[in-house]
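S.K.: Just so you know, we're using the numbering used here here: the sequence shown kicks off at 21 and counts up by one. The C-beta atom is built at its ideal place from N, Cα and C for all residues, glycine as well. So that we are looking at the same thing, I have put the structure below in structure tokens.
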Amino acid sequence: MTLSDTQVHYQHAKSPMDFQSAKQLFIEYAQSLHLDLAFQNFDEELADLSQRYSGQTGDLIMAYVDHEVAGGVAVHQFEPGIGEMKRLYVKDQFRSLGIGHELVARILASAASMGYQSVRLDTIPAMKPAQKIYREAGFQDIEPYRYNPVPGTIYMACELA
């Protein structure tokens, strides 16, 4: 599958069905990590996606390939003026199509439109492809800003223009 023969559609989650699709994607994401996300209150997050990732301070963008969910990413307010990117994930069969790069670009544009001056994230050492995407998007390493029990967790931020 290449970009030339694949139609990728990006959509901001708005409807209950959108958020249900995102919930299923985020569950798949969590399972792919092989670690318990209870330290991030993951179950509460899943129960509250439409509140956390919508409105004036949040967004959730989904990628679809031929009407199938291919990936997603979200942002929410961490503190005034600072957003936090969460749950960048692209399903295995849709990787290498540039979807991850496009999701990051779109969520950063959305964060800027919401008035955030910067966006933070944390990522585990095993997520090398995601780290490459983040760095290419302008993220730089920062000091830890939240608890993450995974040894070697990387904390990053991107200043928005």
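1) So, are the CB atoms of residue 161 and residue 127 less than 8 Å apart?
2) Quick check on the DSSP output: the beta strand (DSSP E) that includes residue 102 runs from which residue to which?
3) Report yes or no: do three or more beta-carbon pairs, one from the segment 89 to 99 and one from the segment 36 to 46, lie closer than 8 Å?
4) In three-state DSSP terms, what is residue 94?
5) Give the single residue among 130, 137 and 173 whose Cα lies nearest to the Cα of residue 145.
6) May I ask you to list the residues that DSSP assigns as paired with residue 84?
7) Residue 181 to residue 54, Cα distance in whole Å?
8) Take residue 165 and list the residues in its own chain whose beta-carbon comes closer than 7 Å to its own, dropping the five residues that flank it on each side.
9) Where DSSP assigns a beta bridge to residue 177, which residues make up the other side?
10) For residue 29, which residues in the same chain have their Cβ closer than 6 Å to its Cβ, ignoring the five residues on either side in sequence?
11) May I have the straight-line CA-CA distance separating residue 106 from residue 135, to the nearest angstrom?
12) For residue 23, collect the residues of the same chain with a Cβ closer than 7 Å to its Cβ; drop the 5 residues on either side in sequence, then sort them by chain order.
13) By alpha-carbon positions, which one of 37, 65, 81 and 59 ends up nearest to residue 129?
14) So what's residue 79 in DSSP terms, helix, strand or just coil?
M.R.: In short:
1) no
2) 102 to 110
3) yes
4) strand
5) 173
6) 29 and 89
7) 36 Å
8) 140 and 175
9) 140 and 160
10) 84
11) 18 Å
12) Interpretation of residue 23 is limited by its pLDDT of 48, a score under 50 that renders its predicted location unreliable; the figure taken from the coordinates is listed afterwards. Counting only Cβ-Cβ distances below 7 Å, and skipping sequence neighbours, we find 117 and 118.
13) 81
14) strand
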